[in-house]
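First up is the structure itself, then whatever we jot down about it.
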Amino acid sequence: MAYEVNGQVVEHDEEGYIVNLSDWSRELAEEIAKTENIEMTDEHWEVVNFLRDYYEEYQIAPAVRVLIKAIKKSMGPEKGNNKYMYELFPYGPAKQACKIAGLPKPTGCV
Amino acid sequence: MADGNNDIEQQIRDALDVPCLKPGAMEGLKPFVAAPEHQEKLGFPGELVPDWKEKALAKMKDLAEKNRAFQVYLDACVKCGACTDKCHYFLGTGDPKNMPVARQDLLRSVYRRYFTFAGKYFPWLVGARDLTEEVLEEWYSYYHQCSECRRCSVFCPYGIDTAEITMAAREILDHIGVGQKYSNEIIGKVKSVGNNLGLNPKALRATLEDLEEDIEDDTGISVRIPLDEKGADILLVTPSADFFAEPHIDGLIGYAKVFHETGASWTLSSYASEAANFGLFIGSYENMREIALRIRKAAEDLGVKRIIFGECGHAWRVAYSFLNTLAGPFDFLDQNYPIPQHILEYTWDAIQKGQLKLDKSRNDHLTLTYHDSCNVARASRMGDMPGGQFEIPRNVIKAVCNNFYEMDRDTIRESTLCCGGGGGLLTDDLMDLRIKGASPRMKALQQVTEDHGVTHMAAICAICKTQFSKVMPKYGYDMDSIVSVHQLVSNAIILTGQETEEDEQNEEEAA
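This is the structure in structure tokens:
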């Protein structure tokens, strides 16, 4: 189970989350997004970048609410809401966006 | 009878309609198997052991000897058929192996072969069969199509509890090296980080501070959500989903507002930042105990007098029914309060004492119904009256909402239907099963939507909330049609000193 980017092989788990977080690159994110049927736009990148910054600071993805608040600040209320997040990432901003951002899957009752 | 069509719109008929049989419909469904690292953290072999057959039979013997109920359940079934149409996974999939009696028989047939006289000598007469690799595969598949909700046991004249058999089967599988990734990875995280999510103390603190900010922005009142505060009176143990997911987090805000208004001294713990106890789901006493002991240690370290549990179904079963056995005695806590207490008991008490200023009209945009969570309904109680686990949540909802209607009596209270994601099945690799298993509940909901215009369903379990927010869109509801009970409380509470829109209007008029 692996993605291929620029001739490099990047291992992922059964669900498509990359195994070594340091393998992540923008090109890889585009590749993962493709397998999720998502075409990365500036808005997608805004979310992915926020997730990565947050992860760097806290070693975990933010709560959906925290993400939405941050997006509201940077992109305005018409985009900083749950509905818009699901338009961007139909399988959920937490799981699908984390996968593209190269972060571990949030586990538990979520 | 439904016509067995998979098209969900066509299935929307009576919630409990028996489907056409579809033998083998769910055969081979197999959630991801735990990796060796997940297994070993829990004290299980990393992968299938070479002498798996002997080990499995030895474990079965051990369980039958130690757990009398398990042995009685295996021996007592008379094949009366009362349970056959009581499982939501059978109703949703039509697969006859999802009939509770058939699920039990997957294990019972092996038990008979090796541990009963008739099965040893005349296996063909008593439905006894050898333990083979195919049987093992079947166990793994169908014991991960049971959410341990115990609805079938309510209708069994002998009270046979399929959940116990499912738990035993998973325990046997774990002991020969075949665990389920979802549950076992999560239990490992509780042991290393303190919660299912893997939320570390720094991130937890940041999240709580963020929520405090939200409440203040929203109400103008500073409401605290304390973490690791030594000397607090109350330790709140809540599912970590309350720190992360929607609508759970709105429930957490509700708890905080109730504690604020009652002037309680309370705290969360980063060490015991999880109410859930997946040790129950895999039938592992040792793992369940280890998780429960974290709560005891947090209570002792923080020096609290009381322990209160947030909205989490199976956590309340473990807390109410087993906590004292697993981690007691709790003689260091204040004996004047229930040990442990449920947040709904606390809130209902505060409402009755008139400690909360509530404006029900703030929930007028919602028309509600209530989904009894299986583990609360059938494996616990609340308050000091029989049936309190049914009445108290409803009392609270009715105290904070004007519009409330019940679903069909056969689908609520002790007969409640599982959300379809309980018992360790709330994982993406079982999404098809989850959607199908939710269909009886969804039909019952659609009925009250048609009859009474119900728009939202309230629940008090983190699993139910996540499951419904994922599957409701498949049944024509928005994902936010599932709400936390304390989210409704939060909507209705007017905090002391909080200016309402009416106040503002009056001020404007006065000016």
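Residue numbers (my numbering), protein chains in the order written: chain A, 1 to 110; chain B, 1 to 511. Just so you know, even glycine gets a beta-carbon here, dropped at the ideal spot from N, CA and C.
Original post:
When burial is assigned at 16 or more other CB atoms within 10 Å of the CB, is A2 (chain A) buried or exposed?
Top reply: In the first sequence, the residue the question calls residue 2 (chain A) occupies position 2. A2 (chain A) comes out exposed.
**OP:** For the beta strand (DSSP E) holding L236 (chain B), just list the boundary residues, first then last.
**Re:** Along the second sequence, read from residue 1 onward, the residue named residue 236 (chain B) stands at position 236. Taken as a continuous stretch (DSSP letters only), the beta strand (DSSP E) holding L236 (chain B) covers 234-237.
Subject >> For D233 (chain B), the nearest candidate out of B:G198, B:P31, B:R306, B:W52 (CA to CA) >> reply: Counted from its first residue, the second sequence places residue 233 (chain B) at position 233. Checked all of B:G198, B:P31, B:R306, B:W52; the closest Cα to D233 (chain B) is B:R306.
Original post:
So is L252 (chain B) in contact with chain A if we call contact Cβ pairs under 7 Å?
Top reply: Position 252 of the second sequence, counting from 1, holds the residue named residue 252 (chain B). Not a single C-beta of chain A is nearer than 7 Å to the C-beta of L252 (chain B).
Subject >> Cβ separation of M26 (chain B) and Q145 (chain B), assumed to be a contact under 8 Å, to the nearest whole Å >> reply: Taking the second sequence and counting its residues from 1, one reaches residue 26 (chain B) at position 26. Taking the second sequence and counting its residues from 1, one reaches residue 145 (chain B) at position 145. About 6 Å separates the two Cβ atoms, so the contact holds.
**OP:** Have a look at B:E345, B:P157, B:K360 and flag the residue whose alpha-carbon is nearest the alpha-carbon of L368 (chain B).
**Re:** For this step, residue 368 (chain B) is matched to residue 368 along the second sequence. Here the closest residue by C-alpha is B:K360.
Original post:
Just the Cα atoms here: how many angstroms apart are L103 (chain A) and D429 (chain B)?
Top reply: Within the first sequence, residue 103 (chain A) is the residue found at index 103, counting from 1. Within the second sequence, residue 429 (chain B) is the residue found at index 429, counting from 1. Going from the Cα of L103 (chain A) to the Cα of D429 (chain B) covers about 19 Å.
Subject >> Cβ neighbours of G526 (chain B) in the same chain (closer than 7 Å, five flanking residues each side left out) >> reply: Outside the displayed span of chain B (1 to 511) sits residue 526 (chain B), for which this structure offers no information.
Original post:
Is the segment 141-159 of chain B in contact with the segment 92-104 of chain B, if contact means three or more CB pairs nearer than 8 Å?
Top reply: yes
Original post:
What's the call for H365 (chain B), buried or exposed, on a 16-neighbour Cβ count within 10 Å?
Top reply: As a first step, residue 365 (chain B) must be located in the second sequence, where it is residue number 365. By the neighbour-count rule (16 or more Cβ atoms within 10 Å), H365 (chain B) is not buried but exposed.
Subject >> Simplified DSSP assignment, three categories, for A2 (chain B) >> reply: Position 2 of the second sequence, counting from 1, holds the residue named residue 2 (chain B). Confidence is the limiting factor: at A2 (chain B) the pLDDT is only 41, short of 50, which leaves the residue's position unreliable, though a coordinate-based value still follows. Correct three-state label for A2 (chain B): coil.
**OP:** Provide the residue span of the beta strand (DSSP E) that contains M457 (chain B), from first to last.
**Re:** Looking up residue 457 (chain B) in the second sequence gives position 457. Note, M457 (chain B): beta strand (DSSP E), 456-459.
**OP:** Can you give me the Cβ contacts of L63 (chain B) inside the same chain, cut-off strictly under 6 Å, excluding the 5 residues immediately before and after it?
**Re:** For the purposes of this step, residue 63 (chain B) is taken as residue 63 along the second sequence, with counting starting at 1. Closer than 6 Å at Cβ, skipping near neighbours: F70, A168.
**OP:** Compute the Euclidean distance between the alpha carbons of L326 (chain B) and A272 (chain B), then round it to the nearest angstrom.
**Re:** Against the second sequence, residue 326 (chain B) aligns to sequence position 326. Against the second sequence, residue 272 (chain B) aligns to sequence position 272. If I take the Cα positions, the gap works out to 15 Å.
**OP:** Identify whether E4 (chain A) lies in helix, strand or coil by the three-state DSSP scheme.
**Re:** Residue numbering aside, residue 4 (chain A) sits at position 4 when the first sequence is read from its first letter. In this structure, E4 (chain A) counts as strand in the three-state DSSP scheme.
Original post:
By a C-beta neighbour count over all protein chains shown, 10 Å radius and 16 as the cutoff for buried, is F122 (chain B) buried or exposed?
Top reply: Translated into positions along the second sequence, residue 122 (chain B) becomes position 122. Here F122 (chain B) is exposed: its Cβ has fewer than 16 other Cβ atoms, across all protein chains shown, within 10 Å.
Original post:
When DSSP labels each residue in this structure, what does S22 (chain A) get in the three-state scheme?
Top reply: In the first sequence, the residue the question calls residue 22 (chain A) occupies position 22. The DSSP-derived three-state label of S22 (chain A) is helix.
Original post:
chain B beta carbons: is any one of them nearer than 7 Å to that of T107 (chain A)?
Top reply: For this step, residue 107 (chain A) is matched to residue 107 along the first sequence. T107 (chain A) belongs to the set of residues whose beta carbon lies under 7 Å from a beta carbon in chain B.
**OP:** Would you identify the three-state DSSP class for H452 (chain B), choosing helix, strand or coil?
**Re:** One-based indexing of the second sequence puts residue 452 (chain B) at position 452. Looking at H452 (chain B) - three-state DSSP - the assignment turns out to be helix.
Original post:
By the criterion of Cβ-Cβ separation under 7 Å, what are the contact partners of E14 (chain A) in chain B?
Top reply: To locate residue 14 (chain A), count along the first sequence from 1; it is residue 14. F32, listed in chain order.
**OP:** Establish whether the CB of P36 (chain B) and some CB of chain A are separated by less than 7 Å.
**Re:** For this step, residue 36 (chain B) is matched to residue 36 along the second sequence. It does not; no Cβ of chain A falls within 7 Å.
Subject >> Where the beta strand (DSSP E) containing R306 (chain B) begins and where it ends >> reply: Here residue 306 (chain B) refers to the residue found at position 306 when the second sequence is read from its first residue. From DSSP, the beta strand (DSSP E) with R306 (chain B) extends over 306-309.
Subject >> Own chain partners of N363 (chain B) with C-beta closer than 8 Å, once the 5 adjacent residues on each side are dropped >> reply: Along the second sequence, read from residue 1 onward, the residue named residue 363 (chain B) stands at position 363. Answer for N363 (chain B): V400, C401, N402, N403, L488, N491, A492, listed in chain order.
**OP:** List the endpoints of the continuous beta strand (DSSP E) containing Y370 (chain B).
**Re:** Within the second sequence, residue 370 (chain B) is the residue found at index 370, counting from 1. 368-370 is the extent of the beta strand (DSSP E) around Y370 (chain B).
**OP:** Measure from the alpha carbon of R317 (chain B) to the alpha carbon of each residue in B:N336, B:A292, B:D210, then state which is nearest.
**Re:** For the purposes of this step, residue 317 (chain B) is taken as residue 317 along the second sequence, with counting starting at 1. Per the Cα distances, B:A292.
Original post:
Over what stretch of residues does the beta strand (DSSP E) that includes I482 (chain B) continue unbroken?
Top reply: As a working mapping, residue 482 (chain B) is identified with position 482 in the second sequence. Segment 482-484, the beta strand (DSSP E) holding I482 (chain B).
Original post:
A459 (chain B) to C419 (chain B), Cα distance in whole Å?
Top reply: The residue you call residue 459 (chain B) lines up with position 459 of the second sequence. The residue you call residue 419 (chain B) lines up with position 419 of the second sequence. Roughly 10 Å separates the two Cα atoms.
**OP:** Kindly indicate the opening and closing residues of the alpha helix (DSSP H) around T347 (chain B).
**Re:** Along the second sequence, read from residue 1 onward, the residue named residue 347 (chain B) stands at position 347. Start and end: 343-352.
Subject >> Contact residues within the segment 31-59 of chain A, judged by C-beta distance below 7 Å to chain B >> reply: Y58, Q59
Original post:
Cα separation between W24 (chain A) and E30 (chain A)?
Top reply: In the first sequence, residue 24 (chain A) corresponds to position 24, counting from 1. In the first sequence, residue 30 (chain A) corresponds to position 30, counting from 1. Taking the straight line from one Cα to the other gives about 11 Å.
Original post:
Quick one: is G497 (chain B) near chain A, going by C-beta distance under 7 Å?
Top reply: Numbered from its first residue, the second sequence carries residue 497 (chain B) at position 497. Not closer than 7 Å to any Cβ of chain A, the Cβ of G497 (chain B) fails to qualify, so no.
Original post:
Among B:I186, B:G94, B:C77, B:P386, which one has its Cα closest to the Cα of P157 (chain B)?
Top reply: Position 157 of the second sequence, counted from the first residue, corresponds to residue 157 (chain B). Closest in C-alpha terms to P157 (chain B), from the list B:I186, B:G94, B:C77, B:P386, comes B:C77.
Original post:
Taking Cβ-Cβ distances shorter than 9 Å, what residues in chain B pair up with Y82 (chain A)?
Top reply: Translated into the one-based positions of the first sequence, residue 82 (chain A) becomes position 82. The amino acid occupying residue 82 (chain A) in the given sequence is Asn; Tyr does not appear at that position. In chain order: E246, M479, D480.
**OP:** Check whether the segment 261-271 of chain B touches the segment 26-40 of chain B, taking contact to mean three or more Cβ pairs, one atom from each stretch, closer than 8 Å.
**Re:** Output reads no: the segment 26-40 of chain B does not touch the segment 261-271 of chain B.
Subject >> Proximal residues, the segment 308-320 of chain B versus chain A, C-beta separation under 7 Å >> reply: Against chain A - using a Cβ distance shorter than 7 Å - the segment 308-320 of chain B contributes no residues.
Original post:
For Q341 (chain B) versus I308 (chain B), is the C-beta distance shorter than 7 Å?
Top reply: Counting from 1 along the second sequence, the entry for residue 341 (chain B) is found at position 341. Counting from 1 along the second sequence, the entry for residue 308 (chain B) is found at position 308. Yes. Within cutoff.
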